[in-house]
Amino acid sequence: MEIKEYPALAYVVNTLAKAIAGSKVEQKSAGEYIVKDGNDEVLLKHGPGVNGNSNAILITDKRSIIFSEDLLEPLQNLHETVKGNDVVKDALKDSIIIINGLDIETDFVFQAVKDFLDQVSNSYEFMQIVEADVTKLGAGFKFGKHIFRLNVTNEDDKVLLEPRFVASFDANIQKTIIADITKVELALNKMFKA
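Using the numbering used here, the final residue of the sequence shown is 963, and nothing's skipped along the way.
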């Protein structure tokens with residue numbers, strides 16, 4: 770029987786390959802795989818642990834295949850799906866899955882930020898993520914024609930939102946955005962940290 774060097778990584782690769790119809794898996798090394806879906810691909814690598822986890826599974830998914838296939842939620846507590854293989858289960862429990870620079874919960878938090886801002890006002894428009902670091906991200910947003918940055922931090926016990934504005938930003942618009950962000954932050958903490 771072949772012993773895989775990184776059982777958690779191999780399990781995640783197999784999970785994605787089964788879930789993405791017609792995909793093919795290419796193993797580059799013991800710690801690196803590519804799941805191909807037509808012309809698109811998802812790169813998976815074993816990496817050093819972060820935030821108290823002993824291992825990291827680093828996933829680069831430029832085309833958001835995982836999100837479009839609704840695979841974020843199944844990946845979040847993947848260790849709970851393992852039956853009869855404690856080695857794989859423990860390896861998954863000790864691993865953090867990081868997709869495009871963010872852990873899965875922070876990805877969910879950010880999706881909720883966009884949804885809540887959309888509910889508060891249809892004037893908010895997400896532009897792009899400009900910085901991602903596991904549980905923290907910075908994203909560009911527009912409110913009408915006004916551009917601002919929103920920093921999101923997903924701590925263990927709370928979610929923090931910090932809007933950032935250039936010095937010349939319209940003061941009245943800024944007050945509106947801050948009030949909206951405060952409401953969104955409250956809703957996020959009820960949803961994710963209550």
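The C-beta atom is built at its ideal place from N, Cα and C for all residues, glycine as well.
None of the values given here were measured: they were computed from a predicted structure.
- Return helix, strand or coil for I835, following the three-state DSSP convention. helix
- Item | Close Cβ partners of K787 (< 6 Å) along its chain, the five nearest in sequence each way excluded | none
- Query: For T721, which three-state DSSP category applies?
  - Reply: Residue 721 lies beyond the stretch modelled for the chain, which goes from 770 to 963, so this question has no answer here.
- Query: Hey, L847 and D830: beta-carbon distance below 9 Å or not?
  - Reply: Not in contact: L847 and D830 (Cβ atoms no closer than 9 Å).
- Item | Local conformation of Y802 per DSSP, three classes | strand
- Status (buried if at least 16 other CB within 10 Å, exposed otherwise) for P776: buried
- Beta-carbon contacts of L919 that lie in its chain and below 6 Å, excluding the five residues immediately before and after: A908, F910, P932
- Item | Whole runs of the beta strand (DSSP E) within the segment 872 to 925, excluding any shorter than 3 residues | 893 to 902, 905 to 912, 915 to 923
- Message: Quick check on E771: buried or exposed, where buried means 16 or more other Cβ atoms within 10 Å of its Cβ?
- Response: For E771, the predicted model reports a pLDDT of 49, less than 50, meaning its position is unreliable and no value from the coordinates is stated.
- Could you tell me which of A790, G818, V857 sits nearest to D809, measuring between CA atoms? A790
- Contact check, I950 vs L930 under 8 Å by CB: the rounded distance? Between L930 and I950 the Cβ distance is about 5 Å, and since that is below 8 Å, they are a contact.
- Under 8 Å by Cβ, that's how I've got F877 and L841 pegged, so tell me the actual separation to the nearest angstrom. Going by Cβ atoms, the distance from F877 to L841 rounds to 7 Å, so yes, they are a contact pair.
- Query: Taking DSSP as the reference, what is the three-state secondary structure of E774?
  - Reply: coil
- Message: Let's see if you can read the secondary structure: which residues bound the alpha helix (DSSP H) around E842?
- Response: Per DSSP, E842 belongs to the alpha helix (DSSP H) from 841 to 845.
- Quick one: grab the DSSP three-state call for V794. strand
- Item | Where the alpha helix (DSSP H) containing A860 begins and where it ends | 855 to 862
- Item | Environment of I835 [buried if 16+ CB atoms lie within 10 Å] | buried
- Item | Span of the beta strand (DSSP E), counted from its first residue to its last, around K814 | 809 to 817
- Message: Below 8 Å on the Cβ atoms is my contact criterion, and I expect V928 with K962 to pass it. Report the Cβ-Cβ distance as a whole number of Å.
- Response: 6 Å
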